[in-house]
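Protein chains: 2
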Amino acid sequence: MKAIQKRVIIENVKPEVDGGRFPAKRAVGETVAVEADIFVDGHDALSARLLHRKAGEPEWRIQPMSFLVNDLWRASFTADELGHYEFTVVAWIDRFETWRNQLEKKAVAGQDVSVELMEGAGLVQSAADRAGGEDADRLKETADFLTSEAPLPERTRKALGRDLLRLMAASPDLSALTEYGKILPLRAEPVKALFSAWYEMFPRSCADDDPGRHGTFRDCIERLPYVADMGFDVLYLPPIHPIGRSHRKGRNNTTKPGPDDPGSPWAIGAGEGGHKAIHPELGTLEDFRELVSEAKKLDIDIAMDIAFQCSPDHPYVGEHPEWFRQRPDGSIQYAENPPKKYQDIYPFDFESEHAESLRQELLSVVQYWIDQGIRIFRVDNPHTKPLRFWEWLIAECKREHPDTVFLAEAFTRPKTMYRLAKAGFTQSYTYFTWRNLKWEIEQYFEELTQTRVKEFFWPNLWPNTPDILPEFLQIGERPAFILRLMLAATLSSNYGIYGPAFELCVNEPREPLSEEYRDSEKYEIAHWNLNEPHSLRPFIKRINRIRRENPALQGTRNLMFHPVEREEILCFSKYTDDFSNIILVAANLDPHHTHSAWVKLPFEEMGFEAEPTFQMHDLVSDARYLWHGDYNYVELDPRVVPVQIFRLRRRMRTESDFDYFM
Amino acid sequence: MKAIQKRVIIENVKPEVDGGRFPAKRAVGETVAVEADIFVDGHDALSARLLHRKAGEPEWRIQPMSFLVNDLWRASFTADELGHYEFTVVAWIDRFETWRNQLEKKAVAGQDVSVELMEGAGLVQSAADRAGGEDADRLKETADFLTSEAPLPERTRKALGRDLLRLMAASPDLSALTEYGKILPLRAEPVKALFSAWYEMFPRSCADDDPGRHGTFRDCIERLPYVADMGFDVLYLPPIHPIGRSHRKGRNNTTKPGPDDPGSPWAIGAGEGGHKAIHPELGTLEDFRELVSEAKKLDIDIAMDIAFQCSPDHPYVGEHPEWFRQRPDGSIQYAENPPKKYQDIYPFDFESEHAESLRQELLSVVQYWIDQGIRIFRVDNPHTKPLRFWEWLIAECKREHPDTVFLAEAFTRPKTMYRLAKAGFTQSYTYFTWRNLKWEIEQYFEELTQTRVKEFFWPNLWPNTPDILPEFLQIGERPAFILRLMLAATLSSNYGIYGPAFELCVNEPREPLSEEYRDSEKYEIAHWNLNEPHSLRPFIKRINRIRRENPALQGTRNLMFHPVEREEILCFSKYTDDFSNIILVAANLDPHHTHSAWVKLPFEEMGFEAEPTFQMHDLVSDARYLWHGDYNYVELDPRVVPVQIFRLRRRMRTESDFDYFM
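Line order of the protein sequences matches chains A and B.
Just so you know, we're using the numbering used here here: the first sequence kicks off at 2 and counts up by one.
Just so you know, we're using the numbering used here here: the second sequence kicks off at 2 and counts up by one.
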């Protein structure tokens with residue numbers, strides 16, 4: 002059929018990332034709701050189908066789409082295995098349904114429909130010709146009956162009957178099928194890619210028994226119950242490789258290290274080896290594998306740091322000088338941000354003639370650690386390496402290991418961050434770390450969770466990192482730590498903290514206006530007293546339990562902000578698709594003063610049928626409140642707890658619930 | 002070069018409609034600002050170029066793009082001829098600029114840059130190899146000098162000098178050029194497509210001298226000065242073809258016409274002819290051509306109605322029964338919306354086997370009237386004919402006649418309206434007719450003018466049509482007519498009224514709750530007293546003059562709403578790109594009561610440098626006001642005039658402007 006004769010239009014199919022150039026992402030097991038604008042000139046009835054399949058499957062699976070409103074159609078499928086899916090949409094004019102609708106209206110109006118029945122008989126006869134076996138016979142019979150001598154009301158009843166509707170639906174006329182034209186990709190990611198709680202710690206600071214001793218993987222194994230008890234399920238370690246000695250940085254990033262200064266773990270590579278080696282003072286590969294397997298027993302994944310850069314002592318420098326940029330004086334180009342020089346770091350030259358062997362080697366680094374049982378990688382500064390390199394590397398890894406997760410540590414401009422996510426990074430660091438005011442939190446999270454960004458960018462929120470002690474924590478003290486933790490843990494289903502600095506509320510900067518920690522672990526071994534009474538440990542444990550127990554907090558696209566007429570109070574909810582679990586968070590963003598406000602909830606969007614009375618169960622304090630009507634009161638004292646995490650319990654017991662009511 | 006090695010990313014090029022499937026639209030002579038997100042990993046400097054050409058030109062014209070902010074780049078070109086344009090974007094890493102930036106910072110910091118100069122010499126030498134003639138010599142010389150024995154500061158100066166920058170820019174290294182990959186289409190439309198004032202009238206009601214006589218084209222010629230004096234430049238006539246007699250509708254749409262009832266002009270076709278014929282009572286083809294040419298002298302275009310449907314008496318019915326749907330009883334399918342029957346109308350069957358000859362015939366109808374000098378077509382109910390048919394027909398017409406304009410009369414669901422605009426309709430009727438409250442006006446016009454819709458959908462606003470006497474006009478009376486006229490004329494650069502019913506404030510519905518006019522001209526000949534004292538004629542004349550004198554009102558994408566803390570007062574501005582013409586409109590949406598409010602203007606976005614004092618010149622009343630500071634007061638009495646149209650005059654005279662100041 003000529004394209005000009007296809008009357009149905011299919012537009013705006015979602016989820017679609019950059020016209021299908023990149024896959025949309027869902028966690029495995031998640032429902033994928035596919036929507037499309039489908040319409041036709043005039044008033045003909047339409048039918049539409051979602052076609053979907055695991056990539057590589059020869060046949061489409063077919064799902065009828067439902068009309069919602071305003072030319073919008075929807076159908077869903079479940080991405081029940083890791084890996085790539087494909088989907089598209091087709092639609093056609095449903096001539097039988099069109100005819101049937103009109104027949105019904107005419108019959109109701111008492112008009113003579115004998116000619117209509119002749120027309121219908123033609124449609125039914127065509128369906129009989131398309132159908133096979135028994136259906137064909139029954140359709141043929143019906144067609145004959147519609148034009149028979151039987152009384153008109155009887156024939157009309159037959160024409161409008163469910164039997165015929167079912168038979169006709171089974172043999173649709175697809176001769177004028179419109180195809181969307183594009184096959185859209187989607188990737189099913191591991192569940193932990195969507196729902197995870199990260200804990201970052203320096204292994205060398207884990208020698209709890211002996212201040213000053215270099216911690217080992219064995220010490221990390223000792224530390225595991227502490228991490229697991231708080232409820233974290235990803236333990237992220239800064240680089241564990243041998244550390245360079247040339248231009249090593251001393252304490253507080255000075256350029257004159259003492260003889261015992263351990264150096265920055267990100268200055269990777271020394272005589273003992275490079276990206277596939279382990280820093281001898283941490284232990285052996287066997288120790289590391291034991292750490293991975295002991296962690297696994299506590300449902301903790303070890304996340305590796307991937308920092309593709311070298312110290313001048315890295316074996317690559319001697320073995321593969323062609324992977325670095327040679328300067329005209331024969332030296333190798335170190336990293337710089339003029340006039341600053343980072344002589345302890347050699348970046349790779351991805352534009353070298355030998356870039357292909359470089360790329361293969363870097364891929365082999367990731368694959369090496371995959372072979373050691375690692376599935377989660379936190380990638381250092383990916384925005385300083387080519388975007389298409391990452392697209393290739395992550396695709397290569399995921400081909401064999403679709404269960405891998407890559408977190409992009411790209412604190413850079415938004416478009417680069419989004420492109421990295423499109424190129425394959427599963428999770429991304431965000432600007433959350435600096436978003437403190439209500440309007441900026443709302444604006445940013447609307448962008449992340451309600452715009453097209455939600456299809457590919459999965460935020461992982463960090464209130465702090467070894468590089469960033471935000472001003473808000475410096476001045477807000479303990480209430481600020483609690484507030485930021487609770488926001489991170491509830492705004493996104495993925496979040497993390499850099500500890501023990503976080504739970505111990507460490508907030509001294511290297512100097513005023515600096516976001517660097519004083520005596521940063523990046524340059525020295527720290528010793529922490531994990532049992533300090535002001536530790537947030539019990540509090541964090543409770544928050545992580547609330548997350549585990551409430552499915553609404555295990556997704557991020559399900560975020561809805563609520564209007565509150567007070568700038569200090571942020572209010573939002575998260576909910577499961579069926580509204581069986583609704584969590585309402587009310588946060589006082591001012592860590593110094595008590596604030597109160599009236600909160601307005603959009604009951605209709607939350608699936609309530611009428612103005613309800615319901616119970617609000619604060620999962621933090623375990624207090625329960627009775628709420629009623631549009632506006633309800635909250636008051637938050639940051640010295641007690643700056644955030645309430647309510648579970649909205651809709652079913653109120655009444656007198657009729659009790660035995661003696663009868 | 003392998004794709005993986007291309008480091009530059011180009012995304013989100015605008016204007017782009019549905020990934021380039023449809024052209025964006027601009028009026029001929031308008032500046033086309035092309036924007037793109039362009040970025041690269043790391044900190045390298047970029048260069049980007051806009052490539053553009055008239056479709057069919059063999060060579061691209063090339064425009065350097067400028068970096069704006071946040072990875073956004075922009076360049077512009079002028080679409081200075083009617084028809085199709087193409088454009089795309091390319092970008093590359095500017096290695097010389099990257100190197101130069103770093104050199105400058107290092108030199109300023111007093112670092113030794115001798116190795117840097119060697120590196121630079123290499124870049125300059127490569128440019129010399131690419132360059133021709135004199136440039137090559139000068140580059141070669143410079144490369145030598147940079148590595149010469151001359152003092153370092155002298156060589157550094159040379160390296161950073163403007164001469165070298167210019168030479169290097171002339172011979173860029175395009176070896177790693179990234180192309181956007183898509184060539185995007187754009188169509189330059191006639192100026193009147195973007196800026197027009199329409200007047201609709203029934204020719205048969207133009208016999209001013211003789212109530213009851215059937216008006217003729219000669220009467221229309223007499224009426225032209227009246228229309229021109231009010232300032233309209235498009236005169237739109239309902240269909241002028243012979244009117245069918247079978248099932249003709251009588252006065253007020255009754256099914257029992259009197260013998261003299263003239264019938265609806267949309268029931269096209271009778272013994273006298275069809276879509277290429279003229280209703281004998283209106284005159285001859287020669288009369289019509291004279292009307293067209295007399296109108297042209299007054300800068301008025303005659304707009305034809307294209308209604309692709311037939312009365313049962315249309316010659317097509319006998320000559321081409323294959324273009325209609327035959328029912329099993331041998332009858333032809335008339336239009337219906339069950340249980341309603343429109344037996345006076347036969348729709349075409351675009352799905353007939355003979356649709357190709359039907360399409361060709363319908364195209365020939367439009368071409369016939371193009372040959373009679375018509376360039377503007379108002380298309381009746383395009384949403385009841387296939388969307389791809391219109392895409393084809395309009396493209397065919399525009400190929401030879403890019404100066405044609407098609408207005409879609411599609412009062413239907415939004416996605417169909419938008420698709421018609423994408424498919425080629427130049428202008429579109431809108432929901433403005435029913436948008437009366439502030440929030441609904443703001444929401445709708447934000448959608449039309451600030452979202453992607455603005456690239457293809459050009460609204461033509463009608464406060465009334467022969468089919469629609471909106472409730473607001475029925476109950477609001479004269480102030481409502483003035484208000485709706487002024488909103489239509491200022492919110493969009495294209496607007497129209499159905500007169501003389503509009504300027505005479507006719508507001509009686511056929512029955513309560515109906516939007517049909519009582520004694521509608523659609524079914525009878527009307528006689529109007531154009532000189533009634535309450536006529537809005539002088540007022541309309543003033544509004545149209547204000548539109549002609551203020552370029553800000555000659556575009557629609559330049560609309561900005563301003564916050565006013567009063568639901569009854571709507572405030573918006575329109576401005577030229579250079580802010581030389583800024584129009585502020587303040588409208589009282591309540592036709593019954595006076596309201597006042599404080600208006601806040603966003604001075605920064607309007608190009609003011611500091612908090613200004615400026616003159617507000619109300620172009621309606623000719624009153625002048627002095628405004629100062631962020632908030633200023635407006636008060637609007639609907640019985641005087643419900644709208645003020647201020648021209649913001651920025652230059653305030655002070656004492657120093659006067660001779661005696663010295």
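Built from N, CA and C at the ideal position, the CB exists for glycine as well.
Considering only 647/A, 602/A, 630/A and 615/A, the residue with the shortest C-alpha distance to residue 622/A is 647/A. Residues of chain A whose Cβ lies closer than 8 angstroms to the Cβ of residue 71/B are, in chain order, 414, 415 and 416. Among the CB atoms of chain A, one or more fall inside 8 angstroms of the CB of residue 106/B. For residue 650/B, the enclosing beta strand (DSSP E) starts and ends at 644 to 650.
Short of 6 angstroms from the beta carbon of residue 509/B, and not among the five residues preceding or following it, lie these beta carbons of its own chain, in chain order: 519. Per DSSP, the continuous alpha helix (DSSP H) segment holding residue 545/B begins and ends at 538 to 550. For residue 313/A, no alpha helix (DSSP H) encloses it, and the DSSP letter there is neither H nor E. Boundaries around residue 134/A are those of the alpha helix (DSSP H), 134 to 147, since no beta strand (DSSP E) includes it. The three-state secondary structure of residue 62/B, taken from DSSP, is strand. Across the structure, residue 140/A and residue 319/B are spaced so that their CA atoms are roughly 36 angstroms apart. Around residue 91/B, the same chain offers 50, 178 and 180 as residues with beta carbons nearer than 6 angstroms, after the five sequence neighbours per side are excluded. Excluding sequence positions up to five before and after residue 553/B, its CB lies within less than 7 angstroms of the CB of 559, 575, 576, 577, 582, 583 and 584, all in the same chain and listed in chain order. Rounded to whole angstroms, residue 261/B and residue 348/B show a C-alpha spacing of 26 angstroms.
In this structure, the CA atom of residue 494/B is about 7 angstroms from the CA atom of residue 197/B. In this structure, the beta-carbon distance from residue 461/B to residue 496/B falls below 8 angstroms. DSSP places residue 399/B within a helical segment (H, G or I) once states are collapsed to three. Around residue 23/A, no beta-carbon contact reaches into chain B at under 7 angstroms, the shortest distance being about 11 angstroms. Under the 8 angstroms criterion on CB atoms, residue 516/B is classed as non-interfacial with respect to chain A.
Against chain A, the CB of residue 380/B has no partner CB under 8 angstroms away; the residue lies outside that interface. Interface flag for residue 168/A against chain B is unset, since no Cβ pair is found closer than 8 angstroms. Rounded to whole angstroms, residue 218/B and residue 241/B show a C-alpha spacing of 10 angstroms. The three-state secondary structure of residue 118/B, taken from DSSP, is helix. When rounded, the separation of the alpha-carbon atoms in residue 641/B and residue 591/B is 13 angstroms. At least 8 angstroms separates the CB of residue 178/B from every CB of chain A. Under the Cβ distance rule, residue 119/A counts among the residues neighbouring chain B, one pair being separated by less than 8 angstroms.
For residue 386/A, the secondary structure class from DSSP, reduced to helix, strand or coil, is coil. Of the other Cβ atoms in all chains shown, 16 or more fall within 10 Å of the Cβ of residue 420/B; this residue is therefore buried. DSSP places residue 561/A in the strand class (E or B) of the three-state scheme. The beta carbon of residue 328/B falls within 8 angstroms of a beta carbon belonging to chain A, placing the residue at that interface.
With its beta carbon less than 8 angstroms from one in chain B, residue 386/A belongs to the interface. Checking the DSSP bridge columns, you'll see residue 50/A partnered with 65/A and 91/A. In this structure the region 65 to 73 of chain A does not touch the region 123 to 133 of chain A; the number of beta carbon pairs closer than 8 angstroms is below three. Distances from the alpha-carbon of residue 354/A to those of 327/A, 338/A and 342/A put 327/A closest. Between the region 181 to 197 of chain A and the region 14 to 32 of chain A there are three or more C-beta pairs closer than 8 angstroms, enough to call the two in contact.
For the region 211 to 227 of chain B, the set of positions with a beta-carbon nearer than 7 angstroms to some beta-carbon of chain A is empty. The beta-carbon distance between residue 484/A and residue 644/A, rounded to whole angstroms, is 6 angstroms. This is short enough to meet the 8 angstroms contact definition.
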